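Trainee: Under mature numbering (1 follows the signal peptide of the UniProt record, and there is no 0), the residues of the sequence shown are numbered -23 to -1, 1 to 275, in order.
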Amino acid sequence: MSSFIVFLLVFLFYSSNEIFVRSWDTIPKSDADLIEVALNLEYLEAEFFLYGAEGYGLDVVNPNLTEGGPSPIGGKIADLSPLIKDIIFQYLIKFGCRAIKSTVRGFSRPLLNISSAIFGQIINNAFGKRLEPPFDPYANDINYLIASYVIPYVGLNGYVGANPLLQSATAKALVAGLLGVESGQDAIIRGLLYERRDEIVIPYKVSVTEFTNRISNLRNKLGREGIKDEGLVVPKELGAEGEVTGNILSANDYSLSYPRTPKEILRIVYGTGDEHVPGGFYPLGANGTIAKSYLERN
């Protein structure tokens, strides 16, 4: 059965590449630079979801997409129930690397750290203390969903922030399509966690809600641009129209998704709060013109 899944993934990834017409020469450089910031996040999502559901990554299912970039650190199969594994499997065949690299030249996969240790460090930073035992994203459904909560929302913010800055119709169409899928992924993760919001995450004696609130607060702190991130339960005055405390969809006072700039995105995914200092999911930094320009100034 596993060999059939590998064959299916390889078929889907390779055949999907054929439906796009490469548009490298029709995209303004400023558009391409913005889109390439997102490519870093799409690589991260692809590897995390592939490893979590199947125990292997792009090196197995589509090595051409990686362009020889280094293999991720620490990815492994998660101990998931059939339902959650099915959902994550559907995620991993709907990631945006293919579409982006068919529209802009892109770059090789950056070095990614998706290890239990790095997620444990992120959660420790969110709580402001060391959790014992260390948080393991691959241990069970709840842990994996909490770890998944960390990733797609940042990409969503990036697409919202990039959209008004794009000049070409091709770039706008690409980002609109990617934003739709990214928003759906984030909403499903938040919905699944909201259903479990009062469950206690074993062995920490802390609720799922508290985990999401802590992660959102950490991202706000790292982004350094105020509140653009909210957990699953918020004070009523921060809820939709000031009427509810449930917060499945994170949005501003006008019920619009929050935007983030490339600087903010890099500050968050590096885990350093500084776009010039790599770390977190990107030990050597992200790739692309914008990300590299910040690293060169360090």
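C-beta atoms are modelled at their ideal positions from N, C-alpha and C, and glycine is treated no differently. It should be emphasised that the depicted structure is a prediction, and the values quoted were computed from it without experimental measurement.
Using 8 Å as the threshold, is the C-beta distance between Tyr121 and Ile54 below it?
Mentor: One-based indexing of the sequence shown puts residue 121 at position 144. One-based indexing of the sequence shown puts residue 54 at position 77. No, the Cβ-Cβ distance between Tyr121 and Ile54 is not below 8 Å.
Trainee: Can you list, in chain order, the stretches of the beta strand (DSSP E) that have 3 or more residues and sit fully within the segment 185 to 236?
Mentor: Entirely contained in the segment 185 to 236, not one beta strand (DSSP E) run reaches 3 residues.
Trainee: Under the assumption that Phe205 contacts Tyr231 (Cβ atoms under 8 Å), give the Cβ distance between them as a whole number of angstroms.
Mentor: Here residue 205 refers to the residue found at position 228 of the sequence shown. Here residue 231 refers to the residue found at position 254 of the sequence shown. Looking at the sequence shown, residue 205 is not Phe but Lys. With a Cβ gap of about 13 Å, Lys205 and Tyr231 do not count as contacting.
Trainee: In whole angstroms, give me the CA-to-CA distance for Phe104 and Phe188.
Mentor: Along the sequence shown, read from residue 1 onward, the residue named residue 104 stands at position 127. Along the sequence shown, read from residue 1 onward, the residue named residue 188 stands at position 211. Distance between the alpha carbons of Phe104 and Phe188 is about 8 Å.
Trainee: Which one of Ile100, Leu199, Arg201, Gly161 has the shortest CA to CA distance from Pro111?
Mentor: For this step, residue 111 is matched to residue 134 along the sequence shown. The candidate whose alpha carbon is nearest that of Pro111 is Ile100.
Trainee: Tell me Ile177's beta-bridge partners as DSSP assigns them.
Mentor: For the purposes of this step, residue 177 is taken as residue 200 along the sequence shown, with counting starting at 1. In the DSSP output, where bridge partners are listed per residue, Ile177 has Ser184.
Trainee: Anyone know if the C-beta pair for Glu252 and Lys269 falls short of 8 Å?
Mentor: Within the sequence shown, residue 252 is the residue found at index 275, counting from 1. Within the sequence shown, residue 269 is the residue found at index 292, counting from 1. Not in contact: Glu252 and Lys269 (Cβ atoms no closer than 8 Å).
Trainee: Enumerate in chain order the residues of its own chain whose CB-to-CB distance from Gly135 is below 6 Å, with the five nearest sequence positions on each side excluded.
Mentor: Indexing the sequence shown from 1 puts residue 135 at position 158. Within the same chain, Gly135 has close Cβ partners Ala15, Arg237, Ile242.
Trainee: Considering only DSSP beta bridges, list what Asn90 is partnered with.
Mentor: Residue numbering aside, residue 90 sits at position 113 when the sequence shown is read from its first letter. Looking at the DSSP assignment, Asn90 forms a beta bridge with Ile50.
Trainee: Which word fits Gly52, buried or exposed, when buried means at least 16 other C-beta atoms lie within 10 angstroms of its C-beta?
Mentor: The count along the sequence shown starts at 1 and reaches residue 52 at position 75. Looking at its Cβ environment, which holds 16 or more other Cβ atoms inside 10 Å, Gly52 is buried.
Trainee: Within the chosen definition, does the segment 132 to 146 reach the segment 181 to 195 through at least 3 CB pairs nearer than 8 Å?
Mentor: Because the criterion of three Cβ pairs below 8 Å is not met, the segment 132 to 146 and the segment 181 to 195 do not touch.
Trainee: Below 8 Å, can you find three or more Cβ-Cβ pairs linking the segment 25 to 36 to the segment 67 to 85?
Mentor: Enough Cβ pairs lie closer than 8 Å, so yes.
Trainee: Along the chain, where does the alpha helix (DSSP H) containing Asn120 start, and where does it finish?
Mentor: Walking along the sequence shown from the start, residue 120 turns up at place 143. It spans 118 to 126 - the alpha helix (DSSP H) in which Asn120 sits, taken as one unbroken run.
Trainee: Could you check where the alpha helix (DSSP H) with Asn43 kicks off and where it finishes?
Mentor: Here the question's residue 43 lines up with position 66 in the sequence shown. The sequence given here places Thr at residue 43; Asn does not occur at that position. Where Thr43 is concerned, the enclosing alpha helix (DSSP H) stretches over 40 to 43.
Trainee: Can you tell which of Cys74, Val210, Val152, Thr222 has the C-alpha that lies nearest to the C-alpha of Val185?
Mentor: The residue given as residue 185 occupies position 208 in the sequence shown. Comparing Cα-Cα distances from Val185 to each of Cys74, Val210, Val152, Thr222, the minimum goes to Val210.
Trainee: When burial is assigned at 16 or more other CB atoms within 10 Å of the CB, is Ser58 buried or exposed?
Mentor: Locating residue 58 in the sequence shown gives position 81, where the first residue counts as 1. Ser58 should be labelled exposed.
Trainee: Out of Asn39, Gly157, Asn117, Leu89, point me to the one whose CA is closest to Gly262's CA.
Mentor: Here residue 262 corresponds to residue number 285 of the sequence shown, with the count starting at 1. Comparing Cα positions, the closest option is Leu89.
Trainee: Assign Arg82 to buried or exposed, taking buried as 16 or more other Cβ atoms, counted over all protein chains shown, within 10 Å of its Cβ.
Mentor: Your numbering for residue 82 matches position 105 in the sequence shown. The residue in question, Arg82, is exposed, as its Cβ has fewer than 16 Cβ neighbours within 10 Å.
Trainee: For Ile225, tell me which candidate among Pro212, Gly208, Gly219, Leu233 has the shortest Cα-Cα distance.
Mentor: In the sequence shown, the residue the question calls residue 225 occupies position 248. Here the closest residue by C-alpha is Gly208.
Trainee: Going straight from the alpha carbon of Leu155 to that of Glu109, what length do you get?
Mentor: By one-based count along the sequence shown, residue 155 stands at place 178. By one-based count along the sequence shown, residue 109 stands at place 132. Cα-Cα distance, rounded: 37 Å.
Trainee: Starting from Gln67, follow the alpha helix (DSSP H) in both directions and report where the run begins and ends.
Mentor: Position 90 of the sequence shown, counted from the start, is the residue given in the question as residue 67. Per DSSP, Gln67 belongs to the alpha helix (DSSP H) from 59 to 69.
Trainee: Which value, in whole angstroms, describes the spacing of the CA atoms of Val158 and Val152?
Mentor: Taking the first residue of the sequence shown as position 1, residue 158 is located at position 181. Taking the first residue of the sequence shown as position 1, residue 152 is located at position 175. So the alpha carbons of these two residues sit roughly 10 Å apart.
Trainee: For Pro47, I'd like the list of residues in its chain whose CB is within less than 6 Å of its CB, leaving aside the five on either flank, ordered along the chain.
Mentor: Counting from 1 along the sequence shown, the entry for residue 47 is found at position 70. Closer than 6 Å at Cβ, skipping near neighbours: Leu88.
Trainee: I'd like the list of long-range same chain contacts for Ile77, defined as Cβ closer than 8 Å, with 5 residues on each side in sequence excluded.
Mentor: Sequence index remark: in the sequence shown, residue 77 carries index 100 (1-based). Excluding residues within five positions, the ones whose Cβ falls inside 8 Å are Ile12, Glu13, Ala15, Leu16, Glu19, Gly83, Leu151, Leu155.
Trainee: Starting from Tyr130, trace the alpha helix (DSSP H) both ways and give me its first and last residue.
Mentor: Sequence index remark: in the sequence shown, residue 130 carries index 153 (1-based). Tyr130 -> alpha helix (DSSP H) spans 129 to 139.
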